[in-house]
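As structure tokens, the structure follows; a few thoughts come after it.
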Amino acid sequence: MATQYDSRRLDQLFERDYLDAHAIGAVIITPPGQPFAERSANLQRIFAGDYGLYIVKDPTRVVSFAGGASDFITVSNHTIMADGTSMGGDAIIRRNWFPRWEATVNGRSTTIRESDDGYMRVPVPAGRVHLTLRYGLDWLDVLARVAGILGALVFLLLVCVPKRGIRAID
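Under my numbering, think of the first position of the sequence shown as 4, with each following residue one higher.
Shown next, in the form of structure tokens:
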């Protein structure tokens, strides 16, 4: 698997292992890379040209449980929810790990570990699993947002409030 961009290794980016490891569902490719995509058994061309769009055949989901993929997954800005059946072990979440992520499994808080590839792993029991990850805000995030809003208000006041001239008193 290529760790840096190398045009001589483009074909490796379209191998099943790489696509599955990163839960890639579609790729947009410039003309130099399109011949590699055309030869890949894992991609289906939607259109080609200055930029070609290819979808991955049978893509891997963002969340997989030990023993298989999740049955249902919802991903929004700050929340990932997945339901499915696990054989026990770790759920793999193919999103970048960061300390502010918080996880619950079947309603109970649990730990999140960073995997070797920078994604997240969460321990899950055998059986039915409902996994929820939320990206939490800490006090620094809240403070930065408040400061941004206050800065915008001060700017608007400086720009919109009419300036009064200084008059000399005789």
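Glycine is no exception: its CB is placed at the ideal position from the N, C-alpha and C atoms.
All values derive from a computational prediction rather than experimental measurement.
Rounding to the nearest angstrom, what Cα-Cα distance links residue i and residue j in this structure?
i           : j           : result
residue 100 : residue 137 : 12 Å
residue 160 : residue 141 : 29 Å
residue 79  : residue 165 : 43 Å
residue 29  : residue 154 : 40 Å
residue 139 : residue 148 : 14 Å
residue 5   : residue 15  : Residue placement at residue 5 is poorly supported in this model, since its pLDDT is 43, which falls under 50; the coordinates are not used for a value here.
residue 51  : residue 114 : 44 Å
residue 13  : residue 24  : 16 Å
residue 163 : residue 156 : 10 Å
residue 117 : residue 127 : 15 Å
residue 158 : residue 150 : 12 Å
residue 75  : residue 19  : 22 Å
Residue i lies in the beta strand (DSSP E); which residues open and close that run?
i           : result
residue 105 : 104-108
residue 68  : 66-68
residue 56  : 55-59
residue 21  : Where residue 21 is concerned, there is no enclosing beta strand (DSSP E), although the alpha helix (DSSP H) it sits in stretches over 19-24.
residue 83  : 82-96
residue 148 : Looking at the DSSP string, residue 148 is not in any beta strand (DSSP E); the run it does join, the alpha helix (DSSP H), is 142-163.
Are the CB atoms of residue i and residue j nearer to each other than 7 Å?
i           : j          : result
residue 135 : residue 90 : no
residue 73  : residue 87 : yes
residue 31  : residue 47 : no
Quick check on the DSSP output: the alpha helix (DSSP H) that includes residue i runs from which residue to which?
i           : result
residue 129 : Unbroken run through residue 129 is the beta strand (DSSP E), 123-138; no alpha helix (DSSP H).
residue 111 : Taken as a continuous stretch (DSSP letters only), residue 111 belongs to no alpha helix (DSSP H), being part of the beta strand (DSSP E) at 111-113.
Worksheet item: Do the segment 81-97 and the segment 115-132 touch if we need at least three Cβ pairs shorter than 8 Å?
Response: yes
Discussion item. Does the structure place the segment 103-117 close enough to the segment 23-42 that three or more beta carbon pairs sit under 8 Å?
Written reply: no
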